[in-house]
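Report on one structure; see the data block that follows.
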Amino acid sequence: MCGIAGISPFENDQDHVSIKRMVNTITHRGPDQENIFKNQLGIFGFLRLKIIDLSEKSNQPFLSKDKKIQIIYNGEIYNYKELKKNYFPTIKFISDGDGEVILHLYEKFGMNFLDKIKGMFSIAIIDSRKDKIFLVRDRFGIKPLYYRLNKNKLYFCSELKGLIESQSRNEINKNEAYKFFKQGLINSTNETWIKNIFQVKASHYLEFSRGKLTEKKYYKIENFINEDLDYQKKSFKYYTEEFKERLLKSFEEHNRFDVIAGVHLSGGVDSAILSALMNYSNKKYKSYTFDFNNKKYSEIEFAKKIAASANLSNDSAILDEKKIPEYLLKVLSREYEPFSSLRILSQHNLYDNFKNDCRVIFDGSGGDEIGAGYSYYLAPWYLDNIKKFDKKKIKQRFFKSVNYIKNNTLSVSDFIKGSFAQFKKPGTSTIDGSIYQNESIYSREFHAFNNKLKIEKPFKSHLRNAQYADLFYLKLPRSLKYADRSSMYNSIETRVPFLDHKVVEWSLQIPSKFKLLQNQQRIIMKYPFRNYVNKEVLYLNKRTIADPQSEWLKTHLKTLFYETVNSKNFNDHGFFNKKNIINYYEKFTRSSKHFNTFLLFQILVSELWSQNILSKEK
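Numbering (this note's numbering), first residue to last: 149 to 766.
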């Protein structure tokens, strides 16, 4: 796990200053090695976090024999042992790690090597033979990679922060702000909060040659899904057993490391299954859970039950509520973009507390998406499986499926409306009530703004299309971004076995009718591991993720909210009606009814970002 950066072409001493500045901003991603080097294509930086092969032999860059090709990369190639054995049985590798295999694969297959590798990665291939640089991002965008093109000159870095700090002036991207406030979307396209700074898309690579940049999509998941299998008479057991075997294979490959590892336990099904997988390993693990002082929001009871069933120790971290305003600014300086929930603070705090305990953390990201775990998946599931669209019948089924609404602030009718709204227009409404619009808060400019997110629908199945949208545009990109920032800031590598592409492909391949049997969400994950996971945890329907956000906004963040909104610098981007925001916030502080605390928090954090990061002098 590492950090990478580069400037091409190299022109003057200022480029050396810029690359050094970029590297300095991401030192947390690789405290074990730093290397800045030049060649005929530019100047590049690399930082290493030692995970596999702790010797200096795995230091980067990896060089071809003629030194014309150089590889730097961030991530893990999990099937590297198999690749070495299958394609290079006679080659004597310099290192025992995974990264060197990328060089030999590229020399042998060109960019088609991407079809061979399994893993999470952002890769820079610097090929002086062809006078080209390739920037690559893994299939699901687990590892980040940002870039900008300025006057035919390419800049790239593992974190947005590096590119922001490398230029003197940064301007807000209103497209991204609009999606954030209107739809709650984060990390959903190649755009960022800064104009002219982009991220390499998941499943894509960029080719840079002589000042020109071209983009190519190398992976299309729809090419690996045969929807005709939906109509074959295969059993539920057949599909779930194959799912289990693929997940076990994924865990076996993810379980390759030479450091201490642990697992992030949330108290839910995803982390419970991860802990069950650890029963198949002879390695020892630790487990970690973030908690709250208010037991109403705590998942520690469930987390400890999961840990006990897997013979894991469990440590927890509670954020000091008195320090929330200070800590919010600290986390914002790490994320370098606005974020949508105070829960992110708890995630950062967890890694802050246990950064010296381990260097690898297993994480359940992707479990909801592949297991059809979100409540609003019920709508497309019904449409897939009820031949005639009978509203009365659908309502009856919904009312039988409301166990998981008990702890929700929404009524059943709102739940049903939200489910179908989310299905029809992804991002416009959600089951957990995180996105309710209060139109009076926004300015005329905001209402006049129009930037709809376009999402492909490559499948016949409504449920597959909903899962596809969450995997590549809506839910997963957001959670992956936060997982990377919070862990890597503390020099910890996060591994996500659910996102092995073979596992994801099979989860989508499973016919829709098997994904929500007997109103059980994620049944394809639960069933094959039913004998290895605490059954109380396993068979609870998905609980609404609750946190003290509403309480904190009314108490610990009250002063900061007023100071920020009343600042003379407020409203620089022109999206809000300041007077109506204050009125809305004051009503919220006096009422026990549901308010859009996500929107209030988004306003707060975006303004803090604008005033403390975007506008600060370089």
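Heads up, the beta-carbon is just placed ideally off N, CA and C, and yes, glycines get one too.
In angstroms, rounded to a whole number, what distance separates the CA positions of residue i and residue j?
{"i": "serine 740", "j": "asparagine 441", "result": "20 angstroms"}
{"i": "tyrosine 584", "j": "lysine 735", "result": "The pLDDT assigned to tyrosine 584 is 43, lower than 50, so where the model puts this residue is not dependable; a value taken from the coordinates is nonetheless given after this. Going by the C-alpha atoms only, they are around 16 angstroms apart."}
{"i": "lysine 327", "j": "isoleucine 167", "result": "31 angstroms"}
{"i": "glycine 178", "j": "lysine 198", "result": "8 angstroms"}
{"i": "aspartate 463", "j": "valine 681", "result": "19 angstroms"}
{"i": "histidine 742", "j": "lysine 229", "result": "53 angstroms"}
{"i": "histidine 402", "j": "proline 209", "result": "23 angstroms"}
{"i": "glutamine 380", "j": "glutamate 390", "result": "16 angstroms"}
{"i": "tyrosine 205", "j": "lysine 213", "result": "In the sequence as presented, tyrosine is not what sits at residue 205; that position holds lysine. About 15 angstroms."}
{"i": "tyrosine 235", "j": "isoleucine 454", "result": "41 angstroms"}
{"i": "lysine 434", "j": "valine 644", "result": "16 angstroms"}
{"i": "glutamate 653", "j": "arginine 394", "result": "10 angstroms"}
{"i": "leucine 701", "j": "arginine 678", "result": "40 angstroms"}
{"i": "threonine 388", "j": "lysine 397", "result": "14 angstroms"}
{"i": "glutamate 684", "j": "lysine 629", "result": "31 angstroms"}
{"i": "lysine 548", "j": "phenylalanine 718", "result": "For lysine 548, the pLDDT reaches just 49, beneath the cut-off of 50, and the residue's location in the model is therefore unreliable, leaving the point undetermined."}
{"i": "arginine 296", "j": "tyrosine 303", "result": "5 angstroms"}
{"i": "threonine 337", "j": "lysine 368", "result": "16 angstroms"}
{"i": "valine 713", "j": "asparagine 323", "result": "22 angstroms"}
{"i": "aspartate 532", "j": "serine 419", "result": "29 angstroms"}
{"i": "methionine 259", "j": "glutamate 400", "result": "26 angstroms"}
{"i": "serine 457", "j": "lysine 382", "result": "32 angstroms"}
{"i": "asparagine 556", "j": "asparagine 187", "result": "Because the pLDDT of asparagine 556 is 38, which lies under 50, any placement of that residue in the model is unreliable, and the number read from its coordinates should be weighed accordingly. C-alpha separation (whole angstroms): 57 angstroms."}
{"i": "serine 316", "j": "serine 754", "result": "20 angstroms"}
{"i": "tyrosine 675", "j": "aspartate 511", "result": "20 angstroms"}
Considering Cα atoms alone, identify which of the options is closest to residue i.
{"i": "lysine 349", "options": "Phe288, Glu393 and Tyr303", "result": "Phe288"}
{"i": "alanine 617", "options": "Lys602, Ala409 and Glu699", "result": "Lys602"}
{"i": "lysine 291", "options": "Thr173, Lys215, Asp632 and Glu755", "result": "Asp632"}
{"i": "glycine 247", "options": "Asp201, Arg285 and Thr238", "result": "Asp201"}
{"i": "isoleucine 518", "options": "Lys452, Gln669, Asn497 and Ser429", "result": "Gln669"}
{"i": "glycine 359", "options": "Asn298, Asn323, Lys397 and Gly410", "result": "Asn298"}
{"i": "tyrosine 710", "options": "Leu748, Val165, Gly193 and Asp418", "result": "Leu748"}
{"i": "alanine 330", "options": "Tyr637, Asn598, Lys661 and Asn760", "result": "The sequence as given places lysine at residue 330; alanine does not occur at that position. Per the Cα distances, Asn598."}
{"i": "asparagine 430", "options": "Asn744, Ile671, Ile761 and Ile408", "result": "Ile408"}
{"i": "lysine 623", "options": "Gly521, Ile184, Asp376 and Ser316", "result": "Gly521"}
{"i": "serine 314", "options": "Ala527, Gln162 and Lys503", "result": "Gln162"}
{"i": "threonine 707", "options": "Glu474, Phe257 and Asp406", "result": "Glu474"}
{"i": "lysine 301", "options": "Ser763, Asn160, Leu476 and Asn427", "result": "Asn160"}
{"i": "leucine 195", "options": "Gln181, Phe185 and Leu251", "result": "Gln181"}
{"i": "lysine 503", "options": "Asp286, Ile312 and His412", "result": "His412"}
{"i": "phenylalanine 261", "options": "His176, Ala596, Tyr294 and Tyr353", "result": "Tyr353"}
Give every residue of the same chain whose Cβ lies closer than 6 angstroms to the Cβ of residue i, excluding the five residues on either side of it in the sequence, and list them in chain order.
{"i": "phenylalanine 607", "result": "Asn613"}
{"i": "lysine 309", "result": "Thr173 and Tyr484"}
{"i": "proline 659", "result": "Asp378"}
{"i": "isoleucine 271", "result": "Tyr221 and Val284"}
{"i": "glutamate 307", "result": "Ile174"}
{"i": "glutamate 469", "result": "His704"}
{"i": "isoleucine 191", "result": "Ile155, Phe158, Asp163 and Ile167"}
{"i": "valine 479", "result": "Leu493 and His496"}
{"i": "lysine 452", "result": "Asn462"}
{"i": "isoleucine 274", "result": "Leu189, Gln218 and Ile281"}
{"i": "phenylalanine 438", "result": "Ala465, Ser494 and Leu498"}
Assuming residue i contacts residue j under a Cβ cut-off of 8 angstroms, what Cβ separation, rounded to an integer in Å, is found between them?
{"i": "methionine 673", "j": "glycine 515", "result": "7 angstroms"}
{"i": "alanine 325", "j": "phenylalanine 646", "result": "Not confirmed; about 31 angstroms, so no contact."}
{"i": "isoleucine 334", "j": "phenylalanine 487", "result": "7 angstroms"}
{"i": "methionine 170", "j": "glycine 223", "result": "Actually they are not in contact, since the Cβ atoms of methionine 170 and glycine 223 sit about 18 angstroms apart, beyond 8 angstroms."}
{"i": "glutamate 355", "j": "threonine 362", "result": "5 angstroms"}
{"i": "isoleucine 448", "j": "isoleucine 640", "result": "Wrong, their Cβ atoms sit about 21 angstroms apart, outside the cutoff."}
{"i": "phenylalanine 450", "j": "glycine 415", "result": "3 angstroms"}
Note down, in chain order, each residue of its chain lying with its Cβ closer than 7 angstroms to the Cβ of residue i, except the 5 sequence neighbours on either side.
{"i": "asparagine 321", "result": "Glu339, Thr340, Trp341, Ile342 and Lys343"}
{"i": "isoleucine 751", "result": "Phe724 and Ile729"}
{"i": "lysine 554", "result": "In this prediction, lysine 554 has a pLDDT of 38, which is less than 50 and means its spatial position is unreliable; what the coordinates show is noted afterwards. Counting only Cβ-Cβ distances below 7 angstroms, and skipping sequence neighbours, we find nothing."}
{"i": "arginine 404", "result": "Ile200 and Tyr226"}
{"i": "leucine 762", "result": "Asn318 and Ile320"}
CB-CB under 8 angstroms to residue i, same chain, minus the five flanking residues each way: which ones, in chain order?
{"i": "asparagine 725", "result": "Ser588, Ile589, Tyr590 and Ser591"}
{"i": "leucine 231", "result": "Ile225, Val249, Leu253, Lys264 and Ile265"}
{"i": "glutamate 765", "result": "Low per-residue confidence applies at glutamate 765: pLDDT is 47, beneath 50, and the placement is therefore not dependable enough to give any value."}
{"i": "glutamate 255", "result": "Ser212 and Ile217"}
Does chain C have any CB closer than 8 angstroms to the CB of residue i?
{"i": "alanine 455", "result": "Going by chain labels, chain C is absent from the structure shown, which holds only one protein chain."}
Within the segment 275-331, ranges of the alpha helix (DSSP H) (whole runs, at least 4 residues) | Runs of the alpha helix (DSSP H) inside the segment 275-331: 308-313 and 322-331.
What are the uninterrupted segments assigned as beta strand (DSSP E) that are 3 or more residues long and contained completely in the segment 688-751, given in chain order? As far as the segment 688-751 is concerned, it has no whole beta strand (DSSP E) run of at least 3 residues.
Extract the residue ranges of the beta strand (DSSP E) inside the segment 496-523, only unbroken runs of 3 or more that lie entirely within it.
With a minimum length of 3 residues, the continuous beta strand (DSSP E) runs that stay inside the segment 496-523 are 508-510.
### Residue ranges of each beta strand (DSSP E) within the segment 412-482, 3 or longer
The DSSP assignment places complete beta strand (DSSP E) segments of no fewer than 3 residues inside the segment 412-482 at 433-439 and 461-466, in order along the chain.
Requested in this report: Enumerate, from N- to C-terminal direction, the unbroken beta strand (DSSP E) stretches of 3 or more residues contained entirely within the segment 329-406.
Outcome: DSSP runs (the beta strand (DSSP E)) wholly in the segment 329-406: 352-357 and 360-365.
Please list the segments of the alpha helix (DSSP H) lying wholly inside the segment 190-223, counting only runs of 4 or more residues, in order along the chain. The segment 190-223 contains no whole alpha helix (DSSP H) run of 4 or more residues.
Mind listing, in chain order, the continuous alpha helix (DSSP H) runs of no fewer than 4 residues lying wholly within the segment 223-271? Correct list: 228-235 and 248-257.
Going residue by residue through the segment 603-667, where are the continuous beta strand (DSSP E) segments of at least 3 residues, counting only ones entirely within it? DSSP runs (the beta strand (DSSP E)) wholly in the segment 603-667: 641-643.
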